[in-house]
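Everything in the sequence shown is counted per this note's numbering, starting at 201 for the first residue and increasing by one.
For reference, the structure discussed in these notes is given below.
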Amino acid sequence: VKSILPLLKRGIGIHHGGLLPFVKEMIEILFQESLLRVLFSTETFSMGVNMPAKTVIFTAIRKYDGQEYRIVNSGEYIQMAGRAGRRGLDDRGIVIIMFDEQVDPEEAKQLFMGQGAPLISTFHLGFNMLLNLFRIEDANPAFMISRSFAHFQRNRKALHLEKEKEELEEEVKKVKDIHALADVDKADRPSFDVEAAVREYYELKHDLSGLGKELRDLAMQEKYILRYLQAGRIVRLVDESGTDWGWATCLSKISKRCVPSTNAVRDGPTEQLVVDCLVACTPESIRETHGQGATGAVAASEKPQPAKSVNGGVEKKDYVLAVVSFTISCIRSISKCRMTLPVGVDVRSEDARRSLHFQLKKVEKRFEPEGGIPLLDPIQEMKIPEPRLPELVAAIAEKEKRLTQNPLYEHPLCGTYYDAHHRRVQLQTKLRILRESLDSQKQLVMKDTLRAMRRVLRQLDFLDANDVVTVKGRVACEITTADELVAAELLFQNVFETMEVEAICALLSCLVFQEKHDEPEPKEEVLLT
């Protein structure tokens, strides 16, 4: 207070959330009376207090929103810059922005010409509000909710959804004929019932995909696969973004390293189990991240990209062999095959990497007639003690048998009909979700919540059978700084009667609302043996 007084005498004010309330109020009054010529403030002054100025100056265009430093959005800029210009005194307002960094033209355009943030209702129905509504004669909570801004927004959204539903229904009608959807001529159409066959084929493939994922999740756990990931082991990799890298060769044992997290801004690097593998990458992704050499191991989350094809017909310049570090979660399959690496092999050598990759291609070609590189059997060879595994293996075998008996299996038009049916299923799923969303939008906002809250109030005797507020309910209506139901129950059950004053204060302090904070959960440590 003492330090700000000399500034105020000179017509300079400071306004931010850290000031005492009476100091902030005093500065607002001085500014309103035009006794302050310059006011340094945070956005709280310009966003919440209607006090225009002749000129608004932005000393920076970035702000910290609690998670990251970002450029202010269009709505914030409009709100703050809109303070420039005093009604009845100025014919225009002056806004000065002190750019301290280069700004992308698109970001600047979005800042100055973008749309403001839309108003979205955050209507919340609490027990205190509900009890106070029941205290008013002839008051109907459902009627009040139906007149709320939240309900209005839902009704307006329902109109757009209705139009979208009608358009989607027309599209679904057009895809009923599988032959027309697949664009197959009459002369080429199979003699069997394609509609029934493609439906069964699609369902079997979908079931096999789900069963396969469940099997992989059980079999590819760290505690089961660590002992098989030796140097030379051939594994199939799919990274966290879903990119399939195909078969690769492990070059080292498992190790713990700090690799970039999927949310590096919030979490930073995290320590994970990784394995170095030799993979084929596109030259541009390697150069972009690691320079021309690309000799060291790099985390797969740093976005190297797999080469599209690395068979014998592709020239050397079309791909680059690099050592990439993958987390254990990226391993989808472990093969029975393990290549023998030369003693003292230096994978930083281009010739050594070419030789290892050539051996891998020979292994793939050798097992191609047998359906691909054989995998380790999770039951017979890996000895995984999961009771669910035999059931999954049997279910997968049964589904695969039915799949081979389907008329479309290995049919020349199988892929064509499958893709057409997949597009139809996507449209039907989208229509179903849209109808469910439309039904929920047409219902009263918080209809189920209102019914459940009323039932709770009756059971706890805050309301009688006729929805009349009881004595306990009237007491709860007066409690606004804590959980009204808990506090009222404590009072009417005489919990405080035998307690000391200190204990009563301690208990009541527990009812005061506190902002929640996320505490980091302890991470499980995996012991390497």
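Backbone N, C-alpha and C fix where the C-beta goes; we use that ideal spot for every residue, glycine too.
Item to complete: Ignore the nearest five residues each way along the sequence and tell me which others in Arg-347's own chain have a CB closer than 8 Å to its CB.
Response: The residue given as residue 347 occupies position 147 in the sequence shown. None.
Discussion item. Using a Cβ-based criterion (distance less than 7 Å to any ligand heavy atom), does Gly-571 qualify as near the ligand GDP?
Written reply: As presented, the structure is devoid of all ligands, the ligand GDP included, so that no description of it is given.
Practice prompt. Please determine, among Asp-648, Asn-606, Ala-522, Asn-666, the residue with the shortest C-alpha to C-alpha distance to Leu-404.
Written response: Translated into positions along the sequence shown, residue 404 becomes position 204. For the residues Asp-648, Asn-606, Ala-522, Asn-666, the minimum Cα distance to Leu-404 belongs to Asn-606.
Practice prompt. If I'm right that Cys-477 touches Phe-526 with Cβ under 8 Å, what's the distance once you round it to whole angstroms?
Written response: Within the sequence shown, residue 477 is the residue found at index 277, counting from 1. Within the sequence shown, residue 526 is the residue found at index 326, counting from 1. At roughly 6 Å, the Cβ-Cβ gap stays under 8 Å, so Cys-477 and Phe-526 are in contact.
Discussion item. Suppose you measure from the CA of Lys-561 to the CA of Pro-504; what does that come to, to the nearest Å?
Written reply: Start at 1 with the first residue of the sequence shown, and residue 561 comes out as number 361. Start at 1 with the first residue of the sequence shown, and residue 504 comes out as number 304. Between Lys-561 and Pro-504, the C-alpha separation is close to 21 Å.
Fill in: Length-filtered (3 minimum) beta strand (DSSP E) runs lying within the region 236-301
If we require 3 residues or more, the beta strand (DSSP E) runs fully inside the region 236-301 come out as 238-241, 255-258, 262-264, 269-271, 294-297.
Worksheet item: Just reading off the beta strand (DSSP E) that Thr-449 is part of, what are its end residues?
Response: As a first step, residue 449 must be located in the sequence shown, where it is residue number 249. It spans 444-450 - the beta strand (DSSP E) in which Thr-449 sits, taken as one unbroken run.
Discussion item. Using 8 Å as the threshold, is the C-beta distance between Val-375 and Arg-624 below it?
Written reply: For the purposes of this step, residue 375 is taken as the residue at position 175 of the sequence shown. For the purposes of this step, residue 624 is taken as the residue at position 424 of the sequence shown. Taking 8 Å as the Cβ cut-off, Val-375 and Arg-624 qualify as a contacting pair.
Worksheet item: Comparing alpha-carbon positions, which option in Val-656, Ala-431, Leu-220 lies nearest Val-543?
Response: The sequence position of residue 543 within the sequence shown is 343, counting from 1. Measuring C-alpha to C-alpha distances from Val-543 to each of Val-656, Ala-431, Leu-220 identifies Ala-431 as the nearest.
Fill in: DSSP state of Arg-436 mapped onto helix, strand, coil
Locating residue 436 in the sequence shown gives position 236, counting from the first residue. The DSSP-derived three-state label of Arg-436 is strand.
Worksheet item: Apart from the five residues on each side of it in sequence, which residues of its chain come closer than 7 Å, Cβ to Cβ, to Pro-378?
Response: The residue given as residue 378 occupies position 178 in the sequence shown. Inspection of the sequence shows that residue 378 is occupied by Ile rather than by Pro. Cβ within range, chain order: Val-394, Glu-395, Val-398, Tyr-617, Ala-620, His-621.
Practice prompt. Run the CB neighbour count on Cys-705, radius 10 Å, all protein chains shown included, and call it buried at 16 or more, exposed below.
Written response: Taking the sequence shown and counting its residues from 1, one reaches residue 705 at position 505. A residue is called buried once 16 or more other Cβ atoms fall within 10 Å of its Cβ, and Cys-705, having fewer, is exposed.
Item to complete: Measure the alpha-carbon distance for Thr-244 versus Glu-586 and round it to whole angstroms.
Response: Here residue 244 refers to the residue found at position 44 when the sequence shown is read from its first residue. Here residue 586 refers to the residue found at position 386 when the sequence shown is read from its first residue. Rounded to whole angstroms, the separation of the alpha carbons of Glu-586 and Thr-244 is 58 Å.
Worksheet item: Span of the beta strand (DSSP E) holding Gly-213?
Response: The count along the sequence shown starts at 1 and reaches residue 213 at position 13. Unbroken beta strand (DSSP E) run through Gly-213: 212-215.
Item to complete: Evaluate Met-313 with the Cβ neighbour count: other Cβ atoms within 10 Å of its Cβ, from every protein chain shown; 16 or more gives buried, anything less gives exposed.
Response: Taking the sequence shown and counting its residues from 1, one reaches residue 313 at position 113. Met-313 should be labelled exposed.
Worksheet entry | Ser-501 - DSSP class collapsed to helix/strand/coil | As a working mapping, residue 501 is identified with position 301 in the sequence shown. Reliability fails at Ser-501, whose pLDDT of 49 lies under 50, so the model's placement of it is uncertain and the value that follows must be treated cautiously. The DSSP-derived three-state label of Ser-501 is helix.
Item to complete: Out of Leu-325, Glu-364, Ile-297, Asn-332, state which residue places its alpha-carbon closest to the alpha-carbon of His-351.
Response: Taking the first residue of the sequence shown as position 1, residue 351 is located at position 151. Of the listed residues, the one whose Cα sits closest to His-351 is Leu-325.
Fill in: Per-residue burial, Gly-217 [other beta carbons within 10 Å of its own, 16 or more giving buried]
In the sequence shown, residue 217 corresponds to position 17, counting from 1. Under the 10 Å beta carbon count, Gly-217 is surrounded by fewer than 16 other beta carbons and is classified as exposed.
Worksheet entry | Environment of His-215 [buried if 16+ CB atoms lie within 10 Å] | Here residue 215 refers to the residue found at position 15 of the sequence shown. It is buried - the Cβ of His-215 has at least 16 other Cβ atoms within 10 Å.
Item to complete: Assign Val-668 to one of three DSSP states: helix, strand, or coil.
Response: Position 468 of the sequence shown, counted from the start, is the residue given in the question as residue 668. In the three-state scheme derived from DSSP, where H, G and I count as helix and E and B as strand, Val-668 is classed as coil.
Worksheet item: Hey, is the region 567-580 in contact with the region 546-559, meaning 3+ C-beta pairs nearer than 8 Å?
Response: Contact check between the region 567-580 and the region 546-559: fewer than three CB pairs, one atom from each, fall below 8 Å, which does not count as touching.
Item to complete: Decide if Glu-678 is buried, meaning its Cβ has at least 16 other Cβ atoms within 10 Å, or exposed.
Response: Taking the first residue of the sequence shown as position 1, residue 678 is located at position 478. Counting every other CB atom within 10 Å of its CB across the protein chains shown gives Glu-678 a total below 16, marking it as exposed.
Discussion item. Can you tell me whether Leu-331 is buried or exposed? The criterion is at least 16 other CB atoms within 10 Å of its CB, across all chains shown.
Written reply: Counting from one through the sequence shown, the residue named residue 331 turns up at place 131. When all chains shown are included, Leu-331 counts as buried.
Fill in: Reference Asp-388, options Val-701, Lys-630, Ala-676, Cys-614, closest by Cα
Walking along the sequence shown from the start, residue 388 turns up at place 188. Cα-wise, what sits closest to Asp-388 is Cys-614.
Fill in: Alpha carbon of Val-523 to alpha carbon of Asp-444, nearest angstrom
Here residue 523 refers to the residue found at position 323 when the sequence shown is read from its first residue. Here residue 444 refers to the residue found at position 244 when the sequence shown is read from its first residue. Between Val-523 and Asp-444, the C-alpha separation is close to 16 Å.
Worksheet item: When DSSP labels each residue in this structure, what does Phe-312 get in the three-state scheme?
Response: To locate residue 312, count along the sequence shown from 1; it is residue 112. Helix, per DSSP.
Worksheet item: What span of residues does the alpha helix (DSSP H) with Ser-535 cover, start to end?
Response: Counting from 1 along the sequence shown, the entry for residue 535 is found at position 335. Here Ser-535 belongs to no alpha helix (DSSP H); instead the beta strand (DSSP E) covers 531-538.
Discussion item. Let's test the definition: count the other Cβ atoms within 10 Å of the Cβ of Phe-240 and tell me whether it reaches 16, buried, or not, exposed.
Written reply: For this step, residue 240 is matched to residue 40 along the sequence shown. Result: exposed.
Worksheet entry | Where the beta strand (DSSP E) containing Phe-526 begins and where it ends | Counting from 1 along the sequence shown, the entry for residue 526 is found at position 326. Here the beta strand (DSSP E) through Phe-526 covers 520-527.
Worksheet item: Secondary structure at Gln-421, three-state DSSP: helix, strand or coil?
Response: Position 221 of the sequence shown holds residue 421. In this structure, Gln-421 counts as coil in the three-state DSSP scheme.
Fill in: Exposed unless 16 or more other CB atoms sit within 10 angstroms - verdict on Asp-417
Counting from 1 along the sequence shown, the entry for residue 417 is found at position 217. Asp-417 should be labelled exposed.
Discussion item. Between the alpha carbons of Met-251 and Gln-232, how many angstroms are there, rounded?
Written reply: As a working mapping, residue 251 is identified with position 51 in the sequence shown. As a working mapping, residue 232 is identified with position 32 in the sequence shown. Cα to Cα, the separation comes out at about 7 Å.
Worksheet entry | Pairwise C-alpha distance: Leu-415 and Val-593 | Position 393 of the sequence shown, counted from the start, is the residue given in the question as residue 593. Position 215 of the sequence shown, counted from the start, is the residue given in the question as residue 415. The straight-line gap from Cα to Cα measures roughly 8 Å.
Worksheet item: DSSP beta-bridge partners for Cys-477?
Response: Locating residue 477 in the sequence shown gives position 277, counting from the first residue. Under the DSSP definition of a beta bridge, Cys-477 partners with Cys-450, Val-524.
Worksheet item: Leaving out the 5 sequence neighbours to the left and right, which residues in its chain are closer than 7 Å to Ala-448 when beta-carbon positions are compared?
Response: Walking along the sequence shown from the start, residue 448 turns up at place 248. Contacts found: Val-435, Leu-437, Cys-477, Leu-478, Val-479.
Worksheet item: Just curious, the alpha helix (DSSP H) that Tyr-428 is in, first and last residue?
Response: One-based indexing of the sequence shown puts residue 428 at position 228. Segment: none, Tyr-428 is in no alpha helix (DSSP H) and carries neither H nor E.
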